[in-house]
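J.:
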Amino acid sequence: MSHKHMSRPSVRGAVDFSSRRTFLKAMSGGATLAPFIPLLEAQAATAPTRLIVVTGHNGWGEASKWYPTGSGTNFSMGSTCNSLEPYKKDIIFFKDFEGRYASDEAGVHPMASANLLTGSPATRPAGGTIFERQNATRATSLSIDQYVAKLIGKGTPHESLVMGCGAEPFSAGDHIGGSVSYRGASDPILAEPDVFVVFKRLFANASNAVAAPTDRVNLRAGDDRSILDAVSKNLGWLNGRVGTADKRRLESHLDGLREMEKRLPPLGKDVGAPVELGQCVAPKMPPANDATMFQTRQAARFMPLIVQTQIDMMLAAMACDQTRVGLLQIGVTTGLWPPLFMGLNKTLHDLSHNFNADMSRFTQRCLKEGFAYLLGRLNELQEGGAPMMRNVAAFWTNEFGDGDAHQGSPMPIIAAGQAGGKWKTGRYVVFNSKRRHSDFLVSVARTFGGDITKFGTDPTGGPLPELGV
Amino acid sequence: MKLFPFCKDQFVRFVGVSAIGWLGAACQAVQPDAKANGGESGTPDEPATTGECRADANFSRSPMRRITREEFANAVEDLFGPAARVTADVLPPDEVSGGYANNAVIRLQAIDLDKFQGMARQVAEKVKANLSTVLPCGKDLEGCVLKYWQDLSRKALSRPLMDEERDSFMAMYRQKAAATNHEEGVRLLVETLMQYPAFLYRPIVGEKTSQQGVLRLTPSELAARLSFFLWSSVPDKELLDAADAGELSGIAGVTKQTHRMMDSEKFSRTLRSFALQWFAVDENTPIRNAEEFPDFNQETWNSLRGGMGKFFAQVVLDGGDLAQVLTAPYTFADKRSAKVLGLDVQSEDLVRVDTKGNERGGMMTQPAVMAKLGNTEVSRPIKRGLFVRNRLFCQDPPPPPPEGVPPFEADTTNMTVRQMLEAHRSNPSCAGCHEFFDPLGLAFSNFDGVGKYHVTEKGQQIDASGKLTETDVDGSFSSAMEFMTMIKDSQLVKDCVSRQVVRFAIGRLDDDGDKCSLESTLAQFDKAASSMEELFIAVATSNSFRFTGDVE
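Sequence lines, in order, name chains A and B.
Going letter by letter, the first sequence gives residues 18 to 486 in this note's numbering.
Going letter by letter, the second sequence gives residues 61 to 612 in this note's numbering.
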């Protein structure tokens, strides 16, 4: 079926992709992602613990609608978070953390989001005006998802999976300053918007993939091998000539080449190496007609659909143990695009400053389509007789609480999943004394076996007893 | 005129750094003398040798740049001809620094390399499909490929292939051609070259000069820098020959090549690209309310961008000056963009049209600029004003007050944008910053969210008047074009525009180490009565362009 058969929302008339059913119907009447069979039961008994990070941006809107009522294990969600009500038993709702940035300093937006998962101050070049500096804001240390990926991702084909929906500012200038995932100082990982690109990386070569052979990545492995040889040799030559900073860039390139090489078949075979997925069946590639929907800048119109497809892809990858760390960035700090899918034509940034009620509605939708959808799927998917939820440590966060005032404090964090039994969920935690968001980050690191008491360079009060690490 | 204390400080600090020429102070701008310092004598040019510039010439190290999407597409076309043209926006997005795509810091990762691989395959298939035109060969296939490949690689890498490289490329060809055929052999070479690090990256290693800490770009590095600056693409044979002959070692040789390259159609390609980046107009169509702006779609956006780029290129190529860039009462429009411009044009292609000079002219009032700095609904004075300060005056707003600014509470239902801003500025802690840029933005009140010109807003006559403060051309204005005419001869603007070209050229923000070079560029720009062509030449021959620092 072609694109035009789909109900396409106009600028004013929003289409509700809120339920899974509508979503599937919207996808040309067929299931985009065929049901996949997770790890074998036996394997599932020892299923690995995975980390899933979901970020929102520009604050939560109205504070009054944010917090739950009640306390301890007996609480009800506030209206912004009402979609999480069915998943309360799997959640730890924190009130609240103290973030690093809290100022009206021009350009604080990207600094706060660079700090969000790194727990370190952001940097930007000296000189120029705020226009130039803001665009080039970068984090100064690695982010928690990448820290955990280094701990637990080595054995999987993809150390981590970083996706984004509307994570590009939609404006002139830098597409990178709003990044939240960092492999190290000034080394951002761009959130991939295109689910087809992700699909090809993960599943196009799967031995039992439904994908046509032409979708396979390595059509000419013999050629690829010669090319990789030539390219690596030249990279080595360049590496011997440049300075330290440039060397790091070339080494990253070389790492990428090594990853490409790993996907090649043994010498002498000229057809793409199938990825062995065992009993796990790769999902179907979404229909090609809809490709444009998943590309950059479509978030304004199709955010719920894109986000849910990305979540399905991420969970398929995890169920097949292709990766153990996933990050999904929904929106972007500043965010110069309007959520047309809700019938709103003000930009996200404008909403956060001038239309607080609409900002609450937007946050509500993001949580519903993103985090709540994720939690629903984690409960549905079974591994060894238990829901996948048990083997996941997930959290949702945002660089600001009060986005209008650019306040990093209070900073919201909602944790979810039992982290393989480590996290005791079903609680509303109200701190008696101030806890910093770096305390949460170090706790996540420890959840995955990181033997550290401080994550990033921000001050920290140490791990949170509430997470049992 | 009321200056808030921190504004004043900021202003003085700013002026102290950037507009020394205007204040007539300090560092003497020094032009290295081409005759005395190489070029014709064969001795390579040295950095600034006399005056106070000597002490200042500690440039920052120029970072290695990776090819941008646009450069990649241009290079493919320049290397293999128009039949191989590709759209390179499937490549990873470009990193922007100083307002210009430079790809100077960010690292490529596996997922990015997948994209380059896909792109390389696409290019290689296109070349193969058209091989008899790209590479007509006689009987001696291998000899033919060898010669072609050496010439082509020299352009792609800005240097000749090393013997070892040449041999391994030829071995690749031979093996593939033997196993399949000649066409496949060449395809494999092209696919490799398009992923070859020396094609993707342009490192600057440099060579020692008489001055400690200052390195001269090697001839091939300078050729590449010139070519990517003026053509946004790989060098041609003539430029590389000049580099090999040592002709780029002095200002005279660089000037000669710059003139030659500016006569090429490839230069206008770059001018269009520079204009769009300077004014932050990217390919993303601003999302607008379809009921309010029914014709504002991707096609219209492309026409508006195209017309704007063409306007800038035309001014420069006509030998125009900065004043024309800022005020000339014409543009390029087709039937789509004409609707936004309020002009009657039936042409499918962009054609030159006059604008009403009192309403619209020059770059700033281009609908694409107004739209990018616009809003989904109304005109957006804060953004526009800040943009004028940042990108035309190179001025920063003063820092906000140390204490949290109280929220702005007022019933704005029936207020015009101007009234809202006035109410906002009645709070002194807001006024400190906003008086600095609001009035400049309000000058563009006649332009709505897509850049259409209006005379009324909410039933009231639009008032675009205001006062410009804290510049060398302070005064009152009553409209956008009056404002642009006021600032067209500002030394601050002139200095800022020359910085923009420098940043575009060297792929990094200018800093203290560039001070003398910038002054010299500005002096040359000034002396040439602000001729834009002369500005490009001044930048290409400047110390910041031809030299680099050795400390990271």
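Just so it is clear, CB atoms sit at the ideal spot from N, CA and C, and this is done for glycine as well.
Whole beta strand (DSSP E) runs in the segment 373-447 of chain A with 3 or more residues, listed along the chain?
T.: Complete beta strand (DSSP E) runs here, min 3: 409-415, 430-433 and 444-447.
J.: What separation, rounded to the nearest whole angstrom, lies between the Cα atoms of residue 96 of chain B and residue 310 of chain B?
T.: Caution is warranted here: a pLDDT of 37 is assigned to residue 96 of chain B, below 50, making its placement in the model unreliable, and no coordinate value can be reported.
J.: Anything in the segment 116-130 of chain B with a Cβ closer than 9 Å to a Cβ of chain A? List those residues in chain order, please.
T.: Hits within the stretch, in order: 121, 123, 124 and 126.
J.: Mapping the DSSP letters down to three states, classify residue 164 of chain A as helix, strand or coil.
T.: Correct three-state label for residue 164 of chain A: helix.
J.: Which residues in the same chain as residue 70 of chain B place their Cβ atom closer than 6 Å to its Cβ, once the five residues preceding and following it in sequence are excluded?
T.: Confidence is the limiting factor: at residue 70 of chain B the pLDDT is only 34, short of 50, which leaves the residue's position unreliable, though a coordinate-based value still follows. Answer for residue 70 of chain B: 458, listed in chain order.
J.: Looking at chain B, is there any beta carbon in it that lies within less than 7 Å of the beta carbon of residue 273 of chain A?
T.: By this cut-off, residue 273 of chain A is an interface position.
J.: What residue range does the alpha helix (DSSP H) around residue 212 of chain A cover?
T.: Looking at the DSSP string, the run of the alpha helix (DSSP H) that includes residue 212 of chain A is 212-220.
J.: Within 10 angstroms of the Cβ of residue 375 of chain A, are there 16 or more other Cβ atoms? Answer buried if so, exposed if not.
T.: Counting Cβ neighbours within 10 Å, residue 375 of chain A comes out buried, since at least 16 surround it.
J.: Consider the Cβ of residue 193 of chain A: report whether some Cβ of chain B lies at a distance smaller than 7 Å.
T.: Yes, residue 193 of chain A lies at the interface with chain B (some Cβ there is under 7 Å from its Cβ).
J.: Which of the three DSSP states is assigned to residue 180 of chain A in this structure?
T.: Note: residue 180 of chain A maps to strand in three-state DSSP.
J.: Hey, would you say residue 125 of chain B sits closer than 7 Å to residue 161 of chain B, going by beta carbons?
T.: For residue 125 of chain B and residue 161 of chain B, no; Cβs fall outside 7 Å.
J.: Give me the DSSP bridge partner(s) of residue 267 of chain B.
T.: Bridge partners of residue 267 of chain B: B/276.
J.: So, is residue 275 of chain A buried or exposed, given that buried needs 16 or more other C-beta atoms within 10 angstroms?
T.: It counts as exposed.
J.: Starting from the beta carbon of residue 142 of chain A, find every residue of chain B whose beta carbon is closer than 9 Å, and list them in chain order.
T.: Simply 157, 158, 568, 569 and 571.
J.: Taking only three categories from DSSP, how would you classify residue 87 of chain B?
T.: Summary for residue 87 of chain B: the model assigns pLDDT 37, below 50, so the residue's position carries little reliability; its value from the coordinates is reported in the next sentence. Correct three-state label for residue 87 of chain B: coil.
J.: For the ligand HEM, I want to know if residue 335 of chain A counts as a neighbour, meaning its beta carbon is within less than 6 Å of at least one of the ligand's heavy atoms.
T.: This structure lacks the ligand HEM; in fact it carries no ligand of any kind.
J.: For residue 496 of chain B and residue 529 of chain B, what's the separation of their Cα atoms in angstroms?
T.: So the alpha carbons of these two residues sit roughly 7 Å apart.
J.: So residue 205 of chain B contacts chain A; which residues on that side make the cut at Cβ distance below 7 Å?
T.: Result: empty, since nearest Cβ-Cβ is about 16 Å, beyond 7 Å.
J.: I'd like to know whether the C-beta of residue 174 of chain A is nearer than 7 Å to at least one C-beta of chain B.
T.: It does not: the Cβ of residue 174 of chain A has no partner Cβ on chain B nearer than 7 Å.
J.: Under DSSP, the beta strand (DSSP E) around residue 346 of chain A begins and ends at which residues?
T.: From DSSP, the beta strand (DSSP E) with residue 346 of chain A extends over 342-347.
J.: Quick one: complete alpha helix (DSSP H) runs, 4+ long, within the segment 366-427 of chain B?
T.: The segment 366-427 of chain B contains these whole alpha helix (DSSP H) runs: 382-387 and 395-401.
J.: Does residue 442 of chain B come within less than 7 Å of chain D when only Cβ atoms are used?
T.: Structure shown: chain D not included; protein chains present are A and B.
J.: Let's see if you can read the secondary structure: which residues bound the alpha helix (DSSP H) around residue 119 of chain B?
T.: No alpha helix (DSSP H) holds residue 119 of chain B; DSSP gives it neither H nor E.
J.: DSSP state of residue 500 of chain B, grouped into three classes?
T.: Residue state, collapsed to three classes: helix.
J.: I want to see whether chain B comes within less than 7 Å of residue 355 of chain A, judged by CB atoms only; does it?
T.: Chain B contact via Cβ: present.
J.: Looking at the unbroken alpha helix (DSSP H) that takes in residue 330 of chain B, where does it start and where does it end?
T.: Per DSSP, residue 330 of chain B belongs to the alpha helix (DSSP H) from 325-338.
J.: Do residue 445 of chain A and residue 114 of chain A have their C-beta atoms within less than 7 Å of each other?
T.: Contact flag unset, no.
J.: Which of helix, strand or coil does DSSP assign to residue 468 of chain A?
T.: Residue 468 of chain A: coil per DSSP, three-state reduction.
J.: For residue 113 of chain A, decide whether its Cβ has a neighbour in chain B, counting only Cβ atoms nearer than 7 Å.
T.: Closer than 7 Å: no.
J.: Strictly below 7 Å CB to CB, what residues from chain A border residue 165 of chain B?
T.: Residues of chain A passing the Cβ test: 203.
J.: With 16 other CB atoms within 10 Å as the buried threshold, where does residue 240 of chain B fall?
T.: Exposed, since its Cβ has fewer than 16 Cβ neighbours within 10 Å.
J.: Please check the pair residue 72 of chain A and residue 133 of chain A, which I expect to be a contact at CB under 8 Å, by giving their CB distance rounded to whole angstroms.
T.: Their Cβ separation, rounded to whole angstroms, is 7 Å, which keeps residue 72 of chain A and residue 133 of chain A in contact under 8 Å.
J.: Closer than 9 Å by beta-carbon distance: list the chain A residues that pair up with residue 32 of chain B, in chain order.
T.: Since the first residue shown for chain B is 61 and the last is 612, residue 32 of chain B is missing from the structure and cannot be characterised.
J.: Rounded to whole angstroms, how far is the Cβ of residue 439 of chain A from the Cβ of residue 464 of chain A, which I believe are closer than 8 Å?
T.: Their Cβ separation, rounded to whole angstroms, is 6 Å, which keeps residue 439 of chain A and residue 464 of chain A in contact under 8 Å.
J.: For the segment 235-260 of chain A, enumerate the residues whose C-beta is nearer than 7 Å to any C-beta of chain B, in chain order.
T.: Cβ contacts with chain B: 240, 243, 244, 247, 248, 251, 252, 255, 258, 259 and 260.
J.: Here's the rule I'm using: 16 or more other beta-carbon atoms within 10 Å means buried, otherwise exposed. How should residue 574 of chain B be labelled?
T.: So residue 574 of chain B counts as buried.
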